[in-house]
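S.K.: My questions will all concern the structure given below.
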Amino acid sequence: MPFCDFVAISRSAIMSTSLLCRRLAALSVNQHGAIRTRCSLAASGGSLPHALRSVVPTRQEQQQQLLPPQQYQQQQVRTFARRAAAATATDQEEGANNRAVGAPRISADQIPPAFLRKLPQKPAPSVVRRRVERLRTYVGTERDIRHSPWRMNLVCQFAAGQTVPDALTQLDFCRKRFAPLVKELIEKTVQEAAEKGGLHPTQLEVAECFATHGTHLKRMKIMGRGRTGIMHHRYTHVRMVLREIDFPLKIALSSSVAGKRKWLGLMRTAEVEGEASRLEKEEVDRLEREIEQRRLDKEKKAAAEEGK
């Protein structure tokens with residue numbers, strides 16, 4: 001046989017073998033159902049072709065794939081939906097007289113891995129509206145600011161839609177004149193939320209922030225040829241709404257895997273810092289009660305000594 005014919009036959013045999021291995025890897029099944037696996041190919045100990053390296057799963061992935069991907073994802077989503085519905089029902093029973101009782105009590109550990117992938121369908125607008133209506137909100141206002149409403153609204157819209165830590169960081173580097181004033185307004189509203197609802201800044205977002213016209217002053221404007229006009233010295237009112245963040249809803253509404261992971265990381269940070277803030281507040285309240293009790297005991301002791 002000529003050498004060139006032998007080389008051609010060898011190449012065709014290698015290509016057919018590679019194609020056969022690829023098809024076997026795609027059609028291989030196990031006892032739990034149809035799952036793509038190449039454990040039989042990788043168990044031989046030899047190096048796999050380059051075309052199969054992106055198809056063969058690792059040993060950890062093989063252990064996790066006990067169900068087909070779609071069925072496994074649907075099962076996890078259903079389980080999380082049941083937990084969310086149970087948490088919502090519990091919150092409604094506890095706060096029947098208060099409409100804004102906060103977000104459902106779901107921690108970051110209870111969110112399944114399927115929620116970090118692209119879900120086949122996002123929550124309905126009615127579901128989103130009901131969950132948003134139950135969140136706690138805190139309003140902060142600043143009136144009669146000697147500044148143009150149009151220029152002030154640039155700063156307000158710059159802060160709107162961000163979480164409170166991100167908004168404060170961005171306003172630190174904003175070169176607008178009244179950016180510090182908007183930052184002070186956010187900090188004042190955050191303090192109100194901490195006193196009334198016990199919320200940490202990482203658990204809040206700037207839901208609304210805008211500027212409107214205030215009462216302007218009219219002054220005379222000197223013009224050419226002996227004419228006069230009217231000059232307006234404008235004033236501005238600023239309104240800001242801080243709202244509690246519903247992290248599971250943010251994760252469900254994210255359209256990318258990176259967005260879901262971002263909100264999951266923010267949720268874990270908010271849980272840790274919120275718990276630390278809650279413990280610190282409880283410790284301060286306990287110390288204040290002890291000081292008040294000592295003061296009352298001292299007054300009672302002094303009154304008893306005077307009575308004797």
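Heads up: the sequence shown at position 256 corresponds to 256 in the numbering used here, and the numbers run straight through without jumps.
Where is the CB? At the ideal position from N, CA and C, for every residue including glycine.
1. Roughly how many whole angstroms lie between the Cα atoms of Arg151 and Pro165?
2. For the alpha helix (DSSP H) containing Gly197, list its first residue and its last residue.
3. Give me, in chain order, the residues of the same chain whose beta-carbon lies closer than 6 Å to that of Leu249; leave out the 5 immediate sequence neighbours on both sides.
4. Ordered along the chain, which non-local residues of its own chain (more than five positions away) have a Cβ less than 6 Å from that of Ala124?
5. Rank Glu184, Met267, Lys298 and Val272 by C-alpha distance to the C-alpha of Gly140 and give the top, closest one.
6. Between which two residues does the alpha helix (DSSP H) carrying Phe173 extend?
7. What span of residues does the beta strand (DSSP E) with Thr236 cover, start to end?
8. Span of the alpha helix (DSSP H) holding Met231?
9. With Gly140 as the anchor, note down where its beta strand (DSSP E) starts and where it stops.
10. Going by CA-CA distance only, name the one from Cys209, Lys262 and Thr163 that's closest to Leu181.
11. According to DSSP, simplified to helix, strand and coil, what is Arg295?
12. Looking at the secondary structure, which residues open and close the alpha helix (DSSP H) in which Ala211 lies?
13. Kindly indicate which residue of Arg143, Pro149, Gly224 and Glu133 has the alpha-carbon position closest to the one of His233.
14. Here's a check: name, in chain order, each residue in its chain whose Cβ is nearer than 7 Å to the Cβ of Lys221, leaving out the five neighbours to either side.
15. Nearest to Gly161 by alpha carbon, out of Ala207, Cys174, Arg143 and Met267?
16. Flag this pair as yes or no: are the beta carbons of Val155 and Leu253 separated by less than 9 Å?
17. Are the beta-carbon atoms of Asp235 and Arg146 separated by less than 9 Å?
18. Apart from the five residues on each side of it in sequence, which residues of its chain come closer than 6 Å, Cβ to Cβ, to Glu306?
19. Considering Met152, what are the terminal residues of the alpha helix (DSSP H) in which it resides?
20. When the distance is taken between beta carbons, is Phe158 closer than 9 Å to Gln170?
21. From which residue to which residue does the alpha helix (DSSP H) around Ile251 run?
22. Could you compute how far the alpha carbon of Glu273 sits from the alpha carbon of Val284?
23. Where does Arg219 sit, in a helix, a strand or coil, going by DSSP?
24. Going by Cα to Cα distance, which pick from Arg225, Leu242, Ser107 and Lys298 is closest to Leu168?
25. Out of Ala193, Glu192 and Asn153, point me to the one whose CA is closest to Lys176's CA.
26. Taking the C-alpha atoms as reference points, what is the distance between Ala194 and Lys300?
27. Going by other Cβ atoms of all chains shown within 10 Å of its Cβ, with 16 needed for buried, is Lys260 buried or exposed?
28. Here's a check: name, in chain order, each residue in its chain whose Cβ is nearer than 8 Å to the Cβ of Ser277, leaving out the five neighbours to either side.
29. Pull the bridge partners of Thr269 from the DSSP assignment, please.
30. Is it buried or exposed, Met240, if we count other Cβ atoms within 10 angstroms and call 16 or more buried?
M.R.: Looking at the atomic coordinates:
1. If you number the sequence shown from 1, residue 151 lands on position 151. If you number the sequence shown from 1, residue 165 lands on position 165. Roughly 23 Å between the two C-alpha positions.
2. Counted from its first residue, the sequence shown places residue 197 at position 197. Element bounds for Gly197: Ala179 to Gly197.
3. Residue 249 sits at position 249 when you count from the first residue of the sequence shown. Once the five neighbours on either side are set aside, the close Cβ partners of Leu249 are Arg131.
4. The residue given as residue 124 occupies position 124 in the sequence shown. There are no such residues.
5. Against the sequence shown, residue 140 aligns to sequence position 140. Checking every option, the nearest Cα to that of Gly140 belongs to Glu184.
6. Taking the first residue of the sequence shown as position 1, residue 173 is located at position 173. Per DSSP, Phe173 belongs to no alpha helix (DSSP H) and is neither H nor E.
7. For the purposes of this step, residue 236 is identified with residue 236 of the sequence shown, where counting begins at 1. Segment Thr236 to Glu244, the beta strand (DSSP E) holding Thr236.
8. Here residue 231 refers to the residue found at position 231 when the sequence shown is read from its first residue. Per DSSP, Met231 belongs to no alpha helix (DSSP H); it is in the beta strand (DSSP E), Thr228 to His233.
9. For this step, residue 140 is matched to residue 140 along the sequence shown. For Gly140, the enclosing beta strand (DSSP E) covers residues Thr137 to Ile145.
10. Start at 1 with the first residue of the sequence shown, and residue 181 comes out as number 181. Cα-wise, what sits closest to Leu181 is Cys209.
11. The sequence position of residue 295 within the sequence shown is 295, counting from 1. Judged by DSSP in its simplified three-state form, Arg295 adopts helix.
12. Taking the sequence shown and counting its residues from 1, the one referred to as residue 211 is at position 211. Premise fails: Ala211 lies in the beta strand (DSSP E), Leu204 to His213, not in any alpha helix (DSSP H).
13. To locate residue 233, count along the sequence shown from 1; it is residue 233. Looking at the Cα atoms, Pro149 is the closest of the given residues.
14. In the sequence shown, residue 221 corresponds to position 221, counting from 1. Thr228, Gly229, Ile230 and Met231, listed in sequence order.
15. In the sequence shown, residue 161 corresponds to position 161, counting from 1. Of Ala207, Cys174, Arg143 and Met267, the residue nearest in Cα terms is Ala207.
16. The count along the sequence shown starts at 1 and reaches residue 155 at position 155. The count along the sequence shown starts at 1 and reaches residue 253 at position 253. No, these two residues do not count as a Cβ contact at 9 Å.
17. As a working note, residue 235 is residue 235 in the sequence shown. As a working note, residue 146 is residue 146 in the sequence shown. Per the sequence shown, the amino acid found at residue 235 is Tyr instead of Asp. Yes, Cβ-Cβ distance for Tyr235 and Arg146 is below 9 Å.
18. Position 306 of the sequence shown, counted from the start, is the residue given in the question as residue 306. Within its own chain, no residue has a Cβ closer than 6 Å to the Cβ of Glu306 once the five positions on either side in sequence are excluded.
19. In the sequence shown, counting from the first residue as 1, residue 152 sits at position 152. It spans Pro149 to Ala159 - the alpha helix (DSSP H) in which Met152 sits, taken as one unbroken run.
20. Reading the sequence shown from its first residue, position 170 is the one you call residue 170. Reading the sequence shown from its first residue, position 158 is the one you call residue 158. Going by C-beta atoms, Gln170 is nearer than 9 Å to Phe158.
21. Taking the sequence shown and counting its residues from 1, one reaches residue 251 at position 251. Run containing Ile251: Phe247 to Leu253, per the alpha helix (DSSP H) assignment.
22. What you label residue 273 is simply residue 273 of the sequence shown in a count that begins at 1. What you label residue 284 is simply residue 284 of the sequence shown in a count that begins at 1. Approximately 16 Å, taken between the alpha carbons.
23. Here residue 219 refers to the residue found at position 219 when the sequence shown is read from its first residue. Strand at Arg219.
24. Along the sequence shown, read from residue 1 onward, the residue named residue 168 stands at position 168. Comparing Cα-Cα distances from Leu168 to each of Arg225, Leu242, Ser107 and Lys298, the minimum goes to Leu242.
25. Along the sequence shown, read from residue 1 onward, the residue named residue 176 stands at position 176. Closest option to Lys176, Cα to Cα, is Asn153.
26. If you number the sequence shown from 1, residue 194 lands on position 194. If you number the sequence shown from 1, residue 300 lands on position 300. Each residue's alpha carbon lies about 34 Å from the other.
27. Here residue 260 is taken as the residue at index 260 of the sequence shown, counted from 1. It counts as buried.
28. Here residue 277 refers to the residue found at position 277 when the sequence shown is read from its first residue. The answer, listed in chain order, is Ala194, Gly198 and His200.
29. Within the sequence shown, residue 269 is the residue found at index 269, counting from 1. Paired residue(s): none; Thr269 is not in a bridge.
30. Here residue 240 refers to the residue found at position 240 of the sequence shown. Looking at its Cβ environment, which holds 16 or more other Cβ atoms inside 10 Å, Met240 is buried.
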